[in-house]
Amino acid sequence: MRTKAKLVTAVQIKWLLISLGAILATHALNLPLWVIGVCVLLGVWRYIAIAKPIFMPNRWLLVLLSLILGLIIVLSFKGQFGRDASLSFLVIMTALKLLETKALRDYMLCIMLGFFLVGNLFLFNQSMATFGISIAPMLLLIASLINTSLVKQNNMNNLGITKQKSTKQDALFILKFSGKLLLQSLPIMLVLFVLFPRIPGPLWGIPQDAYSGMTGLSDNLQFGNISQLTKNSSIAFRVQFQGAIPPKNQLYWRGPVLWHQEEHSWLMASDNIGLPAEHLIVSGPATHYTITLEPHNRPWLLLLDMPTNLPNNTKRTHDYSAVANEPVRSRMRYEAVSYAHYQLEANALNERESIMALQITEGENPRTRALAQTWLNLTPAQKINSALTLFREQNFIYTLRPPLLGKDPVDQFIFNTKRGFCEHYATSFVYLMRAAGLPARIVTGYQGGELNPNGNYLIVRQSDAHAWAEVWLQGQGWVRVDPTAAVSPARIEQGIGDADLERDELPLMARHDFPLLKKALLNLDTFNNGWNQWVLGYDDKKQLAFLSKMRGKTVSVTDLVVGMIVTLLAAMVATAFFVLKKTHITLNPAEKIYAQYLKKLKTIGLQLNIGEGALDFGNRVALALPPQQTLILDIAARYNALQYSQAKNAFMLTELEALTKQFKPKF
Amino acid sequence: MKACNVQVWRRAYWQQWLRVAKSDGNMATLQPRQIYILPTVWGVLYAVMLILLLVGSINYSLSLGYFVTFLLASLGHTAMLHTWRNVVHLHISVLHAKPVFAGDCAQVTIHMLDTKNRARYAIAAKIEQNAEVSEPIAANQSGLFLLPFTTTKRGFCALPRITVYSEFPLSLLHAWAYAELSLPILVYPKPSGHQPLPALLIDARNSGNSRASRGDDDFDGHKNYQLGDAASRVDWKASSRGSGLYTKLYSGEGASDLWLDFALVNGELEARISQLALWVVDAHASQQRYGLKLPNLTLAPSDSQAHYHACMQALALL
Chain G
429 MRTKAKLVTA
439 VQIKWLLISL
449 GAILATHALN
459 LPLWVIGVCV
469 LLGVWRYIAI
479 AKPIFMPNRW
489 LLVLLSLILG
499 LIIVLSFKGQ
509 FGRDASLSFL
519 VIMTALKLLE
529 TKALRDYMLC
539 IMLGFFLVGN
549 LFLFNQSMAT
559 FGISIAPMLL
569 LIASLINTSL
579 VKQNNMNNLG
589 ITKQKSTKQD
599 ALFILKFSGK
609 LLLQSLPIML
619 VLFVLFPRIP
629 GPLWGIPQDA
639 YSGMTGLSDN
649 LQFGNISQLT
659 KNSSIAFRVQ
669 FQGAIPPKNQ
679 LYWRGPVLWH
689 QEEHSWLMAS
699 DNIGLPAEHL
709 IVSGPATHYT
719 ITLEPHNRPW
729 LLLLDMPTNL
739 PNNTKRTHDY
749 SAVANEPVRS
759 RMRYEAVSYA
769 HYQLEANALN
779 ERESIMALQI
789 TEGENPRTRA
799 LAQTWLNLTP
809 AQKINSALTL
819 FREQNFIYTL
829 RPPLLGKDPV
839 DQFIFNTKRG
849 FCEHYATSFV
859 YLMRAAGLPA
869 RIVTGYQGGE
879 LNPNGNYLIV
889 RQSDAHAWAE
899 VWLQGQGWVR
909 VDPTAAVSPA
919 RIEQGIGDAD
929 LERDELPLMA
939 RHDFPLLKKA
949 LLNLDTFNNG
959 WNQWVLGYDD
969 KKQLAFLSKM
979 RGKTVSVTDL
989 VVGMIVTLLA
999 AMVATAFFVL
1009 KKTHITLNPA
1019 EKIYAQYLKK
1029 LKTIGLQLNI
1039 GEGALDFGNR
1049 VALALPPQQT
1059 LILDIAARYN
1069 ALQYSQAKNA
1079 FMLTELEALT
1089 KQFKPKF
Chain H
229 MKACNVQVWR
239 RAYWQQWLRV
249 AKSDGNMATL
259 QPRQIYILPT
269 VWGVLYAVML
279 ILLLVGSINY
289 SLSLGYFVTF
299 LLASLGHTAM
309 LHTWRNVVHL
319 HISVLHAKPV
329 FAGDCAQVTI
339 HMLDTKNRAR
349 YAIAAKIEQN
359 AEVSEPIAAN
369 QSGLFLLPFT
379 TTKRGFCALP
389 RITVYSEFPL
399 SLLHAWAYAE
409 LSLPILVYPK
419 PSGHQPLPAL
429 LIDARNSGNS
439 RASRGDDDFD
449 GHKNYQLGDA
459 ASRVDWKASS
469 RGSGLYTKLY
479 SGEGASDLWL
489 DFALVNGELE
499 ARISQLALWV
509 VDAHASQQRY
519 GLKLPNLTLA
529 PSDSQAHYHA
539 CMQALALL
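Sequences listed follow chains G and H, in order. Remember, our numbering sits 428 above the position in the first sequence when you count from 1. Remember, our numbering sits 228 above the position in the second sequence when you count from 1.
Put into structure tokens, the structure is as follows:
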């Protein structure tokens, strides 16, 4: 029956602009700068159009704008329609919708898109800060809805434009009410959060760039890769040890092993070459530990040298890296056992591995090759020592800002620049060994870690990323050699914070110069660790494990669903009870006395009607009880005076009390 | 016509199953059992948005996505409670409705009262498909709602069901209740017709007095010439200015009475009543004394407001 579309008021548009502005602000880091700029411009345009409706764009202009902006999105994201592009698209379209918003229908659509965009926030970041930030836009969107429900449709003038006056008190009331609604919604939210069966995703393919923000080790090594990673203080993984934490110089966290050299880069051996696993013999005490790996969008897991057993759903490469079936895209927790004393492939190197371990591209780095040629007749131990001595004694410098290397990078590094980071030392070392006829390979991973005394766990950051070498020695197998230790022993013994680096080269968390700040940040990390474990890591497995522990017996998915329904109903009833409970009227002294009087009258069947005033009621009672007429009318008059008269005093109250006491209801 | 009747009958049929707040005396209370609540279009849109959020959260295993989804779902539940709470236990009574002509919009004054110490926001009321009126009601206070109501037929018209509803706080849910209150609304016949006011005509024939309906002692102004006005009364001087003919008006003691007689009008019953209604309106507007003769009653001439309403009521109920 609604023929005329309901139009929105200026106040409604203002609420919407503020809400969408807040959403844009929370998404600021997830959007290209030009998208933010365009959205701000469109918002300002809509704001101007509130006062001057002639500035509202017509339909053709909007269609044109949508096409142009859509095209720019396609071009700027190079046709890849993944997570980032869809967000930009959604945000731009919401802003354009805003420019079209005159009717309530468009308005509501904008609000719903707003809620959806708040949900999208967590695709990019699930930190506690993002969680906190997400509350504000939700509060504002709910306030916009409350304001809309308060708009009076009957004040519509001939043009169908409703006038709405708004005051600061109104806005404050609406915001408070919005907060109240959110608070009252918390219990049911908690029940659903804990008990709603978590379904392991994904349900369909996930865009390629969905995890582009994740950092970690790459599958190849080029000069600059790791030093770049070292500038990032974000956490790679956390380790909880069952037992003593091994010394720092034993903490080599093994990642991808690189074999193949090609000018500037070193690559992993191909998966499907079918090499048999190397033979591992371990001895000495075992180290048991649990790793919580941050998602890094690559399949490998990090394990302490040298792991003997692997988590489920992972396989071991022949060179003892652990690789998961899928890239690690959500936080992963696994237990592992490693041994510090081991022998890997001690008896004989198989032929194919030996070819791979000696490969260097022909015709490159002539000076290095020439140098290595002079070592050909030395024993393997002497070859290693020659190289390490070279690094130690020839003024090599350990730095995060090495100069760029051009053609023949190893030559340039060894003979000219002599400044480099671990990847320079590891690659040059392996190159020298191979050129001198000793099988060698590069291992990438992390070295060291920082103990968080609050939680007694080890934090390993991206800044602890490291590369080292392994050489094969007859009878000893693959032996770890860390050439970086030759240049900067402190890096290995104490950690990167103690390495002889210029201070500002390192990220804050890897440095030692702000102890108090660092302590505070460590406390925060303890909290963050709990957040990751319990809030973000609450998946299907964790849910069942947690609930089983709570119940003291195994909980199945069916139990879970039944439990959820029962608890949900209970929470709904409790919320309903709380929301619908009677608002008690606090009586003032006069009302208390009057209530006693009414109680007396009720005993003889005389009751105050709804909406009946004291004087009207007094007249009615006086007619019913003629002998006490004067007293009844006196009580009514005095009560009325106490309630509504300006000139009242405590004496009047005592009088009313005395009269009420005097009154005996009798026909 | 027939289809229309069927529709009316059907609506009446399903409406008898509705729970309606009946008035007790003059006041009806919206009891919990009489409140209906359903999601609005926006509520459905909200649900669709929630499903999309849930699917997204599952697909990307987003714990905080679940958080937002569940918080907003729970918000829907909280909003439902608030919407219901906003409407329930309101007391509603009808005060009065001024008489109107058939086809015109009557203004029915409704009084709504809160006794639960709850401020009520954006309480709206409407009668059938007429425009809604929405007002807030402060805690333990009352509010007046002037509801428009389009009338169709003359006579006493029973006040139809009043729909009281609210979509506060989020417009996602629509809670409503029907209140049946008794108030007969008097609807006057629609004034219409082509016959001129029988001024002189009746005067000359019935009273035997040569004087016109109004006295002729003192000049009292002009009126537009109407067919039947005496030629001697036309103010030729004034009329010569070219803006039409004017008749001189005189007031005096000897003004005689105008009789509006049912026998003077012709056509079918409704047309006759409409014609008489038009005469009454015209006569009252020109401040003449007039009487009304109907088959069942005769109202003595007068020019008072009360007389006007008495005449119209007599016509309405004929």
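The beta carbon of each residue, even a glycine, is placed where N, CA and C say it ideally should be. Keep in mind it's a predicted model, so treat the numbers as computed, not measured.
Item to check | Span separating the alpha-carbon of Leu526/G from that of Gly465/G | outcome: For this step, residue 526/G is matched to residue 98 along the first sequence. For this step, residue 465/G is matched to residue 37 along the first sequence. Going by the C-alpha atoms only, they are around 15 Å apart.
Checklist entry - With distances taken between CB atoms, is the gap from Ser420/H to Leu492/H smaller than 7 Å? => result The sequence position of residue 420/H within the second sequence is 192, counting from 1. The sequence position of residue 492/H within the second sequence is 264, counting from 1. No, the pair does not count as a contact, with Cβ atoms beyond the cut-off.
Checklist entry - What residue range is occupied by the uninterrupted alpha helix (DSSP H) comprising Gly284/H? => result Counting from one through the second sequence, the residue named residue 284/H turns up at place 56. It spans Val269 to Asn287 - the alpha helix (DSSP H) in which Gly284/H sits, taken as one unbroken run.
Checklist entry - If contact means a Cβ-Cβ distance below 7 Å, which residues of the segment 385-400 of chain H contact chain G? => result Glu395, Phe396, Pro397, Leu398 and Ser399
Next on the checklist: Measuring straight from C-alpha to C-alpha, what distance separates Asn1068/G and Leu281/H?
Outcome noted: Position 640 of the first sequence, counting from 1, holds the residue named residue 1068/G. Position 53 of the second sequence, counting from 1, holds the residue named residue 281/H. Spanning the two alpha carbons is a distance of roughly 58 Å.
Checklist entry - Taking 7 Å as the CB-CB cut-off, is Gly383/H touching chain G? => result The residue given as residue 383/H occupies position 155 in the second sequence. No, Gly383/H does not count as interfacial toward chain G.
Checklist entry - In chain order, what residues of the same chain have a beta carbon less than 6 Å from the beta carbon of Gln384/G, not counting five sequence neighbours either side? => result Absent from the model: residue 384/G. The displayed extent of chain G is 429 to 1095, so no value can be given.
Checklist entry - Looking at the structure shown, is Trp443/G part of a helix, part of a strand, or coil, going by DSSP? => result What you label residue 443/G is simply residue 15 of the first sequence in a count that begins at 1. Reduced to three states, the DSSP call for Trp443/G is helix.
Checklist entry - Buried or exposed: which applies to Leu828/G, given that a residue is buried once 16 or more other Cβ atoms fall within 10 Å of its Cβ? => result Here residue 828/G refers to the residue found at position 400 when the first sequence is read from its first residue. With 16 or more Cβ atoms within 10 Å of its Cβ, Leu828/G is classed as buried.
Checklist entry - Taking just the CA atoms, how far does Val519/G sit from Leu452/G? => result Position 24 of the first sequence holds residue 452/G. Position 91 of the first sequence holds residue 519/G. Near 8 Å, if we compare the C-alpha coordinates of Val519/G and Leu452/G.
Item to check | Proximity to Leu738/G [Cα-Cα], best of Glu763/G, His716/G, Pro727/G and Gln971/G | outcome: On the first sequence, residue 738/G is found 310 positions in, with the first residue counted as 1. Nearest option by C-alpha distance: Glu763/G.
Checklist entry - At a CB-CB cut-off below 9 Å, which residues of chain H make contact with Ala513/G? => result The residue given as residue 513/G occupies position 85 in the first sequence. Within chain H, no residue comes near Ala513/G; the closest Cβ sits about 16 Å away, beyond 9 Å.
Next on the checklist: Less than 7 Å between the C-beta atoms of Pro615/G and Ala998/G, yes or no?
Outcome noted: The count along the first sequence starts at 1 and reaches residue 615/G at position 187. The count along the first sequence starts at 1 and reaches residue 998/G at position 570. The answer is no: Cβ separation not under 7 Å.
Next on the checklist: Among His402/H, Val272/H, Arg348/H and Gln357/H, whose alpha-carbon lies nearest the alpha-carbon of Met536/G?
Outcome noted: The residue labelled residue 536/G in the question sits at position 108 within the first sequence. Considering only alpha carbons, the answer is Val272/H.
Next on the checklist: Run through chain G and tell me which residues come within less than 7 Å of Met277/H, C-beta to C-beta.
Outcome noted: For the purposes of this step, residue 277/H is identified with residue 49 of the second sequence, where counting begins at 1. Met540, Phe543 and Phe544, listed in chain order.
Item to check | Euclidean distance between Cα positions of Arg474/G and Leu695/G | outcome: Within the first sequence, residue 474/G is the residue found at index 46, counting from 1. Within the first sequence, residue 695/G is the residue found at index 267, counting from 1. Approximately 54 Å, taken between the alpha carbons.
Checklist entry - With 16 as the cutoff for other CB atoms within 10 Å, does Arg373/G come out buried or exposed? => result Because chain G in this structure spans residues 429 to 1095, residue 373/G falls outside the shown range and cannot be described.
Next on the checklist: Whole angstroms are fine: how far does the CA of Leu972/G sit from the CA of Val989/G?
Outcome noted: Taking the first sequence and counting its residues from 1, the one referred to as residue 989/G is at position 561. Taking the first sequence and counting its residues from 1, the one referred to as residue 972/G is at position 544. Those two C-alpha atoms are separated by around 11 Å.
Checklist entry - So, does the CB of Tyr1067/G fall closer than 7 Å to a CB anywhere in chain H? => result Residue numbering aside, residue 1067/G sits at position 639 when the first sequence is read from its first letter. No, because no Cβ of chain H sits closer than 7 Å to the Cβ of Tyr1067/G.
Next on the checklist: Measuring straight from C-alpha to C-alpha, what distance separates Gly791/G and Tyr680/G?
Outcome noted: Numbered from 1 along the first sequence, position 363 holds the residue referred to as residue 791/G. Numbered from 1 along the first sequence, position 252 holds the residue referred to as residue 680/G. Near 34 Å, if we compare the C-alpha coordinates of Tyr680/G and Gly791/G.
Item to check | Gln357/H versus Leu486/H, Ile390/H and Ser399/H, residue with shortest Cα-Cα distance | outcome: The sequence position of residue 357/H within the second sequence is 129, counting from 1. The candidate whose alpha carbon is nearest that of Gln357/H is Ile390/H.
Checklist entry - In the segment 488-517 of chain G, which residues sit with their C-beta less than 8 Å from some C-beta in chain H, listed in chain order? => result none
Checklist entry - In its own chain, which residues sit with a C-beta less than 8 Å from the C-beta of Gln548/H, not counting the 5 before and 5 after it? => result Nothing in the structure corresponds to residue 548/H, since chain H is present only between 229 and 546.
Checklist entry - In this structure, what does DSSP give as the bridge partners for Val858/G? => result Taking the first residue of the first sequence as 1, we reach residue 858/G at position 430. According to DSSP, Val858/G bridges with nothing at all.
Next on the checklist: Can you tell me whether Ile430/H is helix, strand or coil according to DSSP?
Outcome noted: Mapped onto the second sequence, residue 430/H falls at position 202. At Ile430/H, the pLDDT of 43 sits below 50, so the modelled position is not reliable and the matter cannot be decided from this model.
Next on the checklist: So that I know if they touch, is there some Cβ in chain H lying closer than 7 Å to that of Phe1045/G?
Outcome noted: Position 617 of the first sequence, counted from the first residue, corresponds to residue 1045/G. No, Phe1045/G does not count as interfacial toward chain H.
Checklist entry - So which residues on chain H does Arg580/G lean against when the C-beta distance must stay under 8 Å? => result The sequence position of residue 580/G within the first sequence is 152, counting from 1. A small fix is needed here, since residue 580/G is Lys in this sequence, not Arg. Residues of chain H passing the Cβ test: Ala350, Ser362 and Glu363.
Next on the checklist: If I follow the unbroken alpha helix (DSSP H) through Asn386/G, where does it start and stop?
Outcome noted: This structure leaves residue 386/G out entirely; chain G is present only between 429 and 1095.
Item to check | Met340/H, DSSP secondary structure in three states | outcome: In the second sequence, counting from the first residue as 1, residue 340/H sits at position 112. Of the three classes helix, strand and coil, the one that applies to Met340/H here is strand, per DSSP.
Checklist entry - Any Cβ of chain H within less than 7 Å of the Cβ of Gln1035/G? => result Reading the first sequence from its first residue, position 607 is the one you call residue 1035/G. Chain H contact via Cβ: absent.
Item to check | Member of Leu1084/G, Leu886/G and Ala1042/G whose CA lies at the smallest distance from the CA of Ala672/G | outcome: Locating residue 672/G in the first sequence gives position 244, where the first residue counts as 1. The option with the nearest alpha carbon to Ala672/G is Leu886/G.
Next on the checklist: I want to see whether chain G comes within less than 7 Å of Arg313/H, judged by CB atoms only; does it?
Outcome noted: Taking the second sequence and counting its residues from 1, one reaches residue 313/H at position 85. At least one chain G Cβ lies under 7 Å of Arg313/H.
Checklist entry - Could you check where the beta strand (DSSP E) with Ile489/H kicks off and where it finishes? => result Here residue 489/H is taken as the residue at index 261 of the second sequence, counted from 1. For clarity, residue 489/H is Asp in the given sequence; the question names Ile instead. Taken as a continuous stretch (DSSP letters only), the beta strand (DSSP E) holding Asp489/H covers Leu486 to Asp489.
Checklist entry - Among the residues of its own chain, which have a CB less than 6 Å from the CB of Asn524/H, if the five just before and after it don't count? => result The residue you call residue 524/H lines up with position 296 of the second sequence. No residues qualify anywhere along the chain.
Item to check | Own chain, CB closer than 6 Å to Pro755/G, minus 5 neighbours either side, in chain order | outcome: One-based indexing of the first sequence puts residue 755/G at position 327. If we look at Pro755/G and ignore the five residues flanking it on each side, its Cβ neighbours are Asn725, Arg726 and Pro727.
Item to check | Cβ separation of His769/G and Pro704/G, assumed to be a contact under 8 Å, to the nearest whole Å | outcome: Position 341 of the first sequence, counting from 1, holds the residue named residue 769/G. Position 276 of the first sequence, counting from 1, holds the residue named residue 704/G. Not quite, the Cβ-Cβ distance comes to about 23 Å (not below 8 Å), so this is no contact.
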